[in-house]
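Residue numbers (this note's numbering): 21 to 164.
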């Protein structure tokens, strides 16, 4: 019974964060906003979809922190990578401590040649295996 209450509370918190992201239009109207910190805020796939719409609009964001958002699933990461491929403004992305595994890391690395503006991606503290670490260190890696 206690677990059910926790699950319900987690879903409600994530839903609230996802709902809050629907107001992203206010950010796109503020050309002076250059860094957005959404670290450890319960962002999930729905919220990530809203965020990617913002990135596709090529707003003036130069830095984005998603640190600690471990609720984002494969769909959310795929959409973020797609949005970054068309974005020409973002320079730095922090996805540290997000529970990212090798599969998502590989998607980032495979797409890095198509992400022209991104200079720095922080993967610290994720669930990357030794194989993933080798991919990051590989001279053939197309990572930034």
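Ideal Cβ positions, reconstructed from N, Cα and C, are used throughout, including at glycine. All figures in this text were calculated on a predicted structure; none of them were measured in a lab.
Original post:
When DSSP labels each residue in this structure, what does residue 119 get in the three-state scheme?
Top reply: Stepping through the chain shown from its first residue, residue 119 is reached at position 99. The answer is coil: DSSP assigns residue 119 none of H, G, I, E or B.
**OP:** Identify which residue in 156, 106 and 58 has its Cα closest to the Cα of residue 75.
**Re:** By 1-based counting over the chain shown, the position of residue 75 is 55. The residue with the shortest Cα to Cα distance from residue 75 is 106.
**OP:** Identify whether residue 136 lies in helix, strand or coil by the three-state DSSP scheme.
**Re:** Start at 1 with the first residue of the chain shown, and residue 136 comes out as number 116. The answer is coil: DSSP assigns residue 136 none of H, G, I, E or B.
Original post:
If residue 138 and residue 94 are in contact, beta carbons under 8 Å, what's the gap, nearest whole angstrom?
Top reply: As a first step, residue 138 must be located in the chain shown, where it is residue number 118. As a first step, residue 94 must be located in the chain shown, where it is residue number 74. About 20 Å separates the beta carbon of residue 138 from that of residue 94, a gap too long to meet the 8 Å contact definition.
Original post:
By Cβ distance, which residues of its chain are closer than 6 Å to residue 83, with the 5 residues on each side in sequence left out?
Top reply: One-based indexing of the chain shown puts residue 83 at position 63. Closer than 6 Å at the Cβ level, and outside the excluded window around residue 83, lie 55 and 112.
Original post:
Which class does residue 131 belong to by DSSP, given the choice of helix, strand or coil?
Top reply: Translated into positions along the chain shown, residue 131 becomes position 111. Judged by DSSP in its simplified three-state form, residue 131 adopts helix.
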